[in-house]
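Residue numbers (my numbering), protein chains in the order written: chain H, -6 to 395; chain W, -6 to 395.
Read the structure below first, then the notes.
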């Protein structure tokens, strides 16, 4: 990511942020972030599909009904999940104190939590830290906020993208933290986007859903969907462009820009997963429906046998064929073609022999490559980025939480 | 398994078997097994749900239409999968030579293969070995056959069970080889049952389907379904009982006996997976439908985050809650109860605190225990045995095939 990216969520006009240590994690480690816009504006949100949802997700969903946002408070170190009514009360208290300190309605405050499941949120420490956080927010604080939302991610993930839309330069900023392959019970993916674009609420929600579908929803580290996964996008309109509405070319430009901001964040999550030595793109085409293409890509990308073969750099294409076959999708194996890094290995369901195997063996030594599957059933496609399954994955996820 | 079990598939009257080295694997290692009944009889079969099926599975399905069996030939070291028409021709040639040598119709011969995917079957070596194999079969050869079907399993798996049904002592014998957690591209589960019971063909097929559903279909080592998975049950009627038909108490007795033969084989596959340090039973009850109960059990049992926590003996109940939530099943998290080894940890969706955590931490140190989930949605239930995900799983599955 470029130097410009480091401003992240504070890159667009009128956004300020900060991160600090409030006492959830060990001394000196940032664990609380605040993002504030100079004025309120439309907000879009996409949340975990998990039925067991954390308190902050439940609260954000309620606030999202009003459709207007101005501040986002995120803590790391504690997920506030499986904490029952006290957990919901704790989430509400933290939102309330942010609202009071900023002098805004509580429904304009969104919150996020990531960390251990099932422990009471240390709500007093958070509340005590809010005034200092509000004082500290600045247009240079994007990176500090990006650091404060990490759990065991190695690197902060921040990005900024700009484009001329409806006559004005529009900026989108973003930050994210990783999912999976990280510390026990901290497998949460959080993504926050800010933009100074003027855009209607429905257009923003639709744009975010599309961008997330093409980015965060296309990565799989270990197939586990957390109780806390959240992506929010807050827009304040300060770019002064003519408001973007659905179905216009400006909308399509905005979706493209938003996707361009989300994709590198999603890939950074893949690459930064501890234990990850490879990031592999699974491309599936020729499916009867998009859902079927996605199912095949998911089945390959979450197969432990495929993922350990990637780690071992073993050109074990038979495991990919076996994964395709058990995806639960109607197909004719005799029409399947598979290539690795552009090298054909399976034609009409049959392996192309030792020479092809030697060629794809070289592909498996690359840090990043593409597995391309053609099903020959229709015209629909999907893709997924996945990672390998390494010793370090097991080490990190098997170690004690304390 | 008891000493009696070692006769395995040759325990019932009128079954003979042998295993030998034909040259697929390295010198001295058994790689070809034959099971022969003194007379032909009904046969039942259950096969992989994978759409990419190996040639022997395709051939067995064809032969099963006739419903009569007398011999089963199984090779290890080569799966004969993704081998196209030459693979199917090779499968047919091996069946034909067994039929010719025994002087029986080809459709009474069933075959099985397990090993590397996508390599041509060394059919000439197999054919050359058939006469010696036919000469060698004996009523003491069950264990030798059980050895010859292994790939990287550590131990042969053989069993025998007997009960009085319809006035006669009926014996069921069985052998199996493991699935998953084994050498690259050799993740196949094979199970073979023999019985001297007299039983109609439809009753046998129905009984096998039920027994497999309650045994082999209840284990998950790595969630991958192979291209070769096969369970066959061959009956020769030599026990002389009044033939068992569906809907009778004798049928229910037979199903119970068959299930009692299959379950220890299935559990032995779990325990024998290389890298396995724990076997954990997931019990789900209170689901709206049996399918939903199964989906929840499967999602918990195949979660890498749950499986690494089992390996690390980390009492990380939050991961179990997260898995339940993403199972794609309608539920009210506030009605969920979870206990570990009988110790309650989650009541109405909320964790019971540090004292409960300390108690379940002790449960996680056991070699085998049960995770019990109550969904509070209805009266349906399901269960699944799963294993942990260890360093050795990664080591074994990441290593080169050669």
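Quick reminder that beta carbons are idealized off the backbone N, C-alpha and C, glycines included.
Quick caveat, the model's predicted, so the values are computed rather than measured.
Query                                                                                                                                                                               : Result
Report yes or no: do three or more beta-carbon pairs, one from the stretch 14 to 29 of chain W and one from the stretch 63 to 74 of chain W, lie closer than 8 Å?                   : yes
How would you list, in chain order, the residues of chain H whose beta-carbon sits under 9 Å from the beta-carbon of residue 382/W?                                                 : 297, 382, 386, 387, 390 and 391
Closest Cβ-Cβ distance between residue 43/H and chain W: below 9 Å?                                                                                                                 : yes
For a contact defined as C-beta to C-beta under 7 Å, what are the partners of residue 310/H on chain C?                                                                             : The question asks about chain C, but that chain is absent: this structure's protein chains are H and W.
If I measure Cβ to Cβ from residue 101/W and keep anything under 8 Å in the same chain, skipping five residues before and after, which residues do I get?                           : 33, 56, 59, 61, 62, 63, 64 and 92
Compare the C-beta of residue 46/H with all C-beta atoms of chain W and state if any pair is closer than 9 Å.                                                                       : yes
Comparing C-alpha positions only, which one of 10/W, 160/W and 211/W sits nearest to residue 151/W?                                                                                 : 10/W
Quick test of your reading: residue 110/H and residue 153/H, contact by CB under 8 Å. State the CB separation rounded to the nearest angstrom.                                      : About 32 Å separates the two Cβ atoms, so there is no contact after all.
For my contact list, residue 139/H and residue 168/H are in at a C-beta cut-off of 8 Å; report their separation, rounded to the angstrom.                                           : 4 Å
Three or more C-beta pairs under 8 Å: does that hold for the stretch 73 to 81 of chain W against the stretch 365 to 385 of chain H?                                                 : no
Which residue wins for smallest C-alpha separation from residue 106/H, given the options 24/H, 252/H and 42/H?                                                                      : 24/H
Once the 5 residues before and after residue 353/W are set aside, which same chain residues still bring their CB inside 6 Å of it?                                                  : 308, 333, 336 and 338
Using a Cβ-Cβ cutoff of less than 7 Å, which residues in the same chain neighbour residue 87/H once the five nearest sequence positions on both sides are dropped?                  : 66, 104, 116, 119 and 120
What is the rounded straight-line gap between the Cα of residue 318/H and the Cα of residue 184/H?                                                                                  : 34 Å
Taking only beta-carbon positions, decide if residue 319/W is within less than 9 Å of chain H.                                                                                      : yes
With 7 Å as the limit, tell me which residues of the stretch 280 to 306 of chain H have their beta carbon closer than that to any beta carbon of chain W; keep them in chain order. : 296, 297, 298, 301, 302, 304 and 305
Please decide whether residue 26/H counts as near chain W, where near means a Cβ-Cβ distance under 9 Å.                                                                             : no
Is there contact between the stretch 278 to 287 of chain W and the stretch 365 to 374 of chain W, where contact requires at least three CB pairs shorter than 8 Å?                  : yes
To the nearest angstrom, how far is the alpha carbon of residue 197/W from that of residue 306/H?                                                                                   : 45 Å
From what residue to what residue does the alpha helix (DSSP H) around residue 428/H run?                                                                                           : Past the boundaries of the shown model lies residue 428/H; chain H is included only from -6 to 395, so the question cannot be answered.
Looking at chain W, is there any beta carbon in it that lies within less than 9 Å of the beta carbon of residue 378/H?                                                              : no
Closer than 9 Å, Cβ to Cβ, to anything on chain W: give me those residues from the stretch 70 to 92 of chain H, in chain order.                                                     : 72, 74, 75, 76, 77, 78, 79 and 80
Under 9 Å, Cβ to Cβ, is there at least one residue of chain H near residue 342/W?                                                                                                   : yes
With a threshold of 16 other CB atoms inside 10 Å of the CB of residue 274/W, please say whether the residue is buried or exposed.                                                  : buried
Hey, is residue 374/W close to the ligand SAH, as in C-beta under 8 Å from one of its heavy atoms?                                                                                  : The ligand content of the structure shown is nil, which means the ligand SAH is not present either.
Pop quiz: residue 1/H and residue 96/H are said to be a contact at Cβ under 8 Å. What is the actual Cβ separation, rounded to whole angstroms?                                      : Not confirmed; about 26 Å, so no contact.
How would you list, in chain order, the residues of chain W whose beta-carbon sits under 7 Å from the beta-carbon of residue 324/H?                                                 : 44
Report yes if the C-beta distance between residue 298/H and residue 357/H is below 9 Å; otherwise report no.                                                                        : no
Note down, in chain order, every chain W residue with its Cβ under 9 Å from the Cβ of residue 356/H.                                                                                : Neighbours of residue 356/H on chain W: none; closest Cβ ~15 Å, over 9 Å.
Can you tell which of 245/W, 226/W and 386/W has the C-alpha that lies nearest to the C-alpha of residue 166/W?                                                                     : 226/W
For a cutoff of 9 Å on Cβ pairs, would you count residue 327/W as touching chain H?                                                                                                 : yes
Helix, strand or coil for residue 105/W? Go by DSSP, reduced to three states.                                                                                                       : strand
What beta strand (DSSP E) runs, 3 residues minimum, are completely inside the stretch 238 to 325 of chain W?                                                                        : 272 to 280
State the CB to CB distance for the pair residue 27/H and residue 90/H, rounded to an integer number of angstroms; the pair is presumed to be in contact (CB under 8 Å).            : Not confirmed; about 11 Å, so no contact.
Taking only beta-carbon atoms, is residue 366/H less than 9 Å away from chain W?                                                                                                    : no
Cβ closer than 9 Å: which chain H residues qualify as neighbours of residue 339/W?                                                                                                  : 75 and 111
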